[in-house]
Amino acid sequence: MIRIDISRYINQIHSWCIQGMALALANKTEYRLLAHLSDYSPSLSLLMQNKTTVLRIWTISIVFAVLCPLHIVHCTDPKFDPSTRMRLVLIPADAQVGTVIYRLRATDEEFDYPLTFELIGGSASATVKIDSLPCTKYNSVCQANVVLLRRLEPGRYYDFQVSVKDTKGGMSSQLCSITATNFTTQHDLIFPHKPGIIMIPEDAKRGTELDYVIARKNPLFQKPVYLELWGSPLFAIRQKIVSAETTEGTVFLLGPLDFEKQAMYHLTILANDAYAEPGQDSRNIAGLELVVIVQDVQDQPPVFTSAAPVTKLTAGILPGDKILQVHAEDGDKGSPREVRYGLVSEGNPFTSFFDINETSGEIFLMRPLEEIAAITHVGDPVLLTVIAEEVKVGREEPPAMASTVQLALFLPERTNSAPYFENDHYVSRIDENTPQGTALTFVDPYLSRVYDDDTGKNGVFSLTLLNNNGTFEISPNVAERSTSFLIRVRDNILLDYEERHSVQFQILAQELGPTTNLSTTVNVTVYINDVNDNPPIFEQSMYTVELPENMTAGTKIVSVKATDIDSAGLGGRVRYTAILGYLNTSLNLNADSGLITVSTDNHGFDREVMPEYHLYVEARDNDGTGNRAQVPLIIKIIDVNDETPIFEKELYEFILSPNLKSFTSVATVHAIDKDATSPNNEIRYELVNGNYENTFALDKITGELTVRERITLRSKARRRRETISQIDEDMFLLIARAYDLGVPVRFSTTAIRIYPPESRTRTVTFVVPGESPNKEKTEETLSTITGGKVIIHDIRPLQPDEPGAKTITGGNTDAMKRSVVTATVLYDSTSVVDISQIQQRLSQHNSSYAIMNGSDTAATDTLYKAENKLLFWLLIFLATLVALTILILLLCCICSWCPLYGTARSPNGWDAERPGPLRSQQIRERSQHAGSSTMDVSSLTKT
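Mapping of the sequence shown onto numbering that gives the first Met the number 0: position 65 corresponds to residue 64, and the numbering continues sequentially without gaps.
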């Protein structure tokens, strides 16, 4: 009897069951299923060759085909990234143990992050392990590293199964297989440049660049290499794409270094989608180990490692005897300097009684103790200051540093009684976080006083604190007979009411006599008062929301939450007081709940102005008057289609070329959409009116207008017989529309005028006075002179070597500046040149005033006054010549007795007697801005 563990193959069988039902109808079920199973698992394929087994599996498959869709409807499991399936990963046999051999990625449609990657079963635990990388709900994918745990044998296959789980229990798994090849990893190809051992001084500044690495991308992938740096938060990597194949990553410093804390760092650079030899290596990640060695610098003074603060001298000590020995070491452990010792004699009368060995630190008595006792009070200590100084041996080295320590030497004394305190215990109260130096206050019945009934040197005692943890300090440290002591705050770290309500320690009063060690201790209890010392703490370090730019008043932005651990009065009551930042007045903050909403429809959050807005939410305790805290609020604006494409011109005018197949210049219309993102700002163009016989084509992407086929225009005589109320029979009027691809679609239209290539159109180059003349005024002046409509195409400075560049005499440099204006002159059938209007315009204003800005007229009036008359008559002659030319050409086109009449008939389709159907279309021109409409009729015949 054959048994099959079908649970291992249940997911794959479910995907085959539907295919199998269809294949069964064609009597090919068994062979197709075996083919699928052989790809999935060779062992399962052998089992499927048993017909009884096949029948059972098909029965189970049909059941899963019915039941599994019901399960899929109710939940969505996380999914592995298809590019990281690990169906069969080729790994060179020289892969090091402990290195990352693959990067897994997975996503969850329900964003139940973080996702957890795990190995299923224990068979693969000895070969690889899975390390899940940090992942939050703000990540689009979660990742994990596959780490090699042992050497791979070439030719051997290692199979294992990896699962990914979300926070709600959803799980997916995939079968993975790796095999080792007899290939050697070519690290030089993967990393064309890799640093060796990096040396950096410990005083390097933040942002210092250590070295760089260059990584090549995998030729099978389109995306570039992405570099990661792991190992220490003190270092980071900055990367840029230097070519299509390589990425450069610069390792730089993020934080301060300290040789005395850590002298070496081991870093790992991981290159995602790095180069891999096809057919030998299919890993999607490569690693590079870096070693950073911190160099010590001279920045620490010597540190005394052995220096007894108090030394009791014995009664039998003689001059020349060793009293004690101090020892100090250079605080710089990397390159320590030698230390020399000495005694500070300034202001100290006892220095001459002692001597110190400058290399060993041994202190010797040089004179009898009786001489010292003669100049000291009974019980007073002999204070010595020892200095330890570094030895500087090089001129370029940093300056030598030194440190001192004070030693107290007590002369021999007779036995005495122990000191005692006024009270057997002490109690005090203090506010939490009391600043350093604040003294404890002891109220009745406590009196801060200590006594010693002995006289002379036996009455000298010291005061120290026990079990204090450095929180308090006592003064004086040494006293005689009796003294009042004062306890001050030294370190207020432990004075935190939220951590503890009281602090206990002891005061030790110990005699300093050489023959006795009598002492007394007393307990001290300090109760801590709670104060409002903690600011509110927000539940999140940052609040980030995404909202559409067309949000309205009342729209919920986010609800912030902050708490305060203080309990004193109203100190723990938090209120939300303000929103700080740009456009903060457009938001409303509920002081009690922390709910932030939009306060007005005209809020000003515009995706076209700024993609995201950074503000701060402020919370204060003590019912809104105490400590404050702020948290960043980032509002990311989602673009909506709220901008209409606008044409750059209200009217476009183009002229057909003489062959009637194209235009005299590139005919392009262009519109601008101010929306920030695609597809809202993607524009398409189309002709919506006037193109009745599909004569013209408008490129929907570029907006270029072209002629589909050669146009045949009918003669004027024929048009006059067919059309009576026509404004200009030779012009085509089209309406173009520009629309975006957003939702809803927004559009605008513009008019396009197309003029025929007859003699009414002339391209003329004018030389006008002045530099960069005003375009509109120049068009008006030239239109008055020529009697037609002037369209300026280009304005540029006149070069000295060009025709017409005659030198203008005079001292004014500005008067010598002229410009070349290239324009098209359009004449209609009733063009009129008014000589008196030209004379009036040129007599009242000189030629430069008519075409330049008003601010330039005063400076050029005198300069051009002499040449105005000559220019006036030249323009009169030019206008007369143009008018006569137009008249002659019109007569030649109409009158049959003209020699040119036969020539003008057939080439361009002007023959009124040419056979064929004639169609006349009327195109209405609409003006969006003026609100008026005119009729323009063009007659055309397709050839």
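The beta-carbon is built from N, C-alpha and C at its ideal position, and this holds for glycine as well.
Among all the DSSP beta bridges, which residues are the ones paired with residue i?
{"i": "Met170", "result": "Lys164"}
{"i": "Ile688", "result": "Note that residue 688 is Asn in the sequence shown, not Ile. Ile734, per the DSSP bridge assignment."}
{"i": "Thr75", "result": "DSSP, once it has assigned bridges, lists no residue as partnering Thr75."}
{"i": "Ile671", "result": "Ile645"}
{"i": "Tyr575", "result": "Ala618"}
{"i": "Gly286", "result": "Leu269"}
{"i": "Asn587", "result": "Thr596"}
{"i": "Lys216", "result": "Ala273"}
{"i": "Ala179", "result": "Ile90, Pro153"}
{"i": "Asp581", "result": "The residue asked about is misnamed: residue 581 is Tyr in this sequence, not Asp. Answer is none; Tyr581 lacks a bridge partner."}
Write down the C-beta distance between residue i and residue j rounded to the nearest angstrom, noting that I regard them as a contact closer than 8 Å.
{"i": "Ile199", "j": "Val96", "result": "About 29 Å separates the two Cβ atoms, so there is no contact after all."}
{"i": "Gly333", "j": "Phe258", "result": "5 Å"}
{"i": "Leu545", "j": "Lys560", "result": "Per the sequence shown, residue 545 should be read as Glu rather than Leu. About 20 Å separates the two Cβ atoms, so there is no contact after all."}
{"i": "Thr98", "j": "Gly286", "result": "5 Å"}
{"i": "Ala407", "j": "Val309", "result": "5 Å"}
{"i": "Phe353", "j": "Leu383", "result": "6 Å"}
{"i": "Phe234", "j": "Val250", "result": "6 Å"}
{"i": "Pro232", "j": "Gly169", "result": "Incorrect: roughly 33 Å between the Cβ atoms, too far for contact."}
{"i": "Ala552", "j": "Asp600", "result": "5 Å"}
{"i": "Val390", "j": "Arg339", "result": "6 Å"}
{"i": "Pro1013", "j": "Phe409", "result": "A question about residue 1013 goes unanswered here, because the residues of the chain that appear run from 0 up to 942."}
Keeping to the same chain, check which residues put their C-beta closer than 8 Å to that of residue i; ignore five residues upstream and five downstream.
{"i": "Gln261", "result": "Val293"}
{"i": "Ala878", "result": "Ile784, Thr785, Gly786, Val832, Ile834, Ile837"}
{"i": "Ile536", "result": "Ala561, Thr562, Asp563, Ile564, Ala628"}
{"i": "Arg499", "result": "Leu493, Ile527"}
Can you list, in chain order, the residues of its chain with a C-beta nearer than 6 Å to that of residue i? Leave out the 5 residues immediately preceding and following it.
{"i": "Phe110", "result": "Lys136"}
{"i": "Gly248", "result": "Val212, Leu226, Ile236, Gln238"}
{"i": "Ser402", "result": "Pro300, Pro301, Ala387"}
{"i": "His669", "result": "Glu647, Gly702"}
{"i": "Pro68", "result": "The predicted position of Pro68 is uncertain, since its pLDDT is 44 and thus under 50; no value can be drawn from it."}
{"i": "Ile473", "result": "Leu462, Leu464, Phe484, Ile486"}
{"i": "Tyr157", "result": "Thr126, Ile177"}
{"i": "Asp620", "result": "Pro535, Asp563, Gly570, Val573, Asn626"}
Whose C-beta lies closer than 7 Å to the C-beta of residue i among residues of the same chain, with five residues either side of it excluded?
{"i": "Thr433", "result": "Val488, Asn491, Leu494"}
{"i": "Leu781", "result": "Phe765, Val789, Ala822"}
{"i": "Asp946", "result": "Nothing in the structure corresponds to residue 946, since the chain is present only between 0 and 942."}
In this structure, does DSSP put residue i in helix, strand or coil?
{"i": "Val385", "result": "strand"}
{"i": "Leu253", "result": "coil"}
{"i": "Ser402", "result": "strand"}
{"i": "Leu147", "result": "strand"}
{"i": "Gln299", "result": "coil"}
{"i": "Gln238", "result": "strand"}
{"i": "Phe876", "result": "helix"}
{"i": "Lys260", "result": "coil"}
{"i": "His186", "result": "helix"}
{"i": "Ile885", "result": "helix"}
{"i": "Ser447", "result": "coil"}
{"i": "Ala307", "result": "coil"}
{"i": "Pro678", "result": "coil"}
{"i": "Gly603", "result": "coil"}
{"i": "Glu548", "result": "coil"}
{"i": "Lys560", "result": "coil"}
{"i": "Ala34", "result": "Here the model assigns Ala34 a pLDDT of 37, short of 50, so the residue's position is not dependable, and the following value carries that caveat. In this structure, Ala34 counts as helix in the three-state DSSP scheme."}
{"i": "Gly278", "result": "coil"}
{"i": "Phe352", "result": "helix"}
{"i": "Lys776", "result": "helix"}
{"i": "Glu708", "result": "coil"}
{"i": "Thr313", "result": "coil"}
Determine, for residue i, whether the minimum Cβ-Cβ distance to residues of chain C falls below 8 Å.
{"i": "Gly378", "result": "As a matter of chain content, chain C is missing from the structure shown, which is built from one protein chain."}
> Are the stretch 87-96 and the stretch 166-182 touching by the rule of at least three beta carbon pairs closer than 8 Å?
Replying inline: yes
>> With three or more C-beta pairs closer than 8 Å as the rule, is the stretch 655-673 touching the stretch 753-773?
In response: yes
> Three or more beta-carbon pairs under 8 Å between the stretch 262-279 and the stretch 361-375, yes or no?
Replying inline: no
>> Using 8 Å as the cut-off, can you tell me whether the stretch 737-751 makes contact with the stretch 775-788, which would need three or more C-beta pairs spanning the two stretches below that distance?
In response: no
>> Using 8 Å as the cut-off, can you tell me whether the stretch 166-177 makes contact with the stretch 78-86, which would need three or more C-beta pairs spanning the two stretches below that distance?
In response: yes
> How do the stretch 418-426 and the stretch 334-350 stand: do at least 3 beta-carbon pairs fall below 8 Å, yes or no?
Replying inline: no
> Is the stretch 139-155 in contact with the stretch 187-194, if contact means three or more CB pairs nearer than 8 Å?
Replying inline: no
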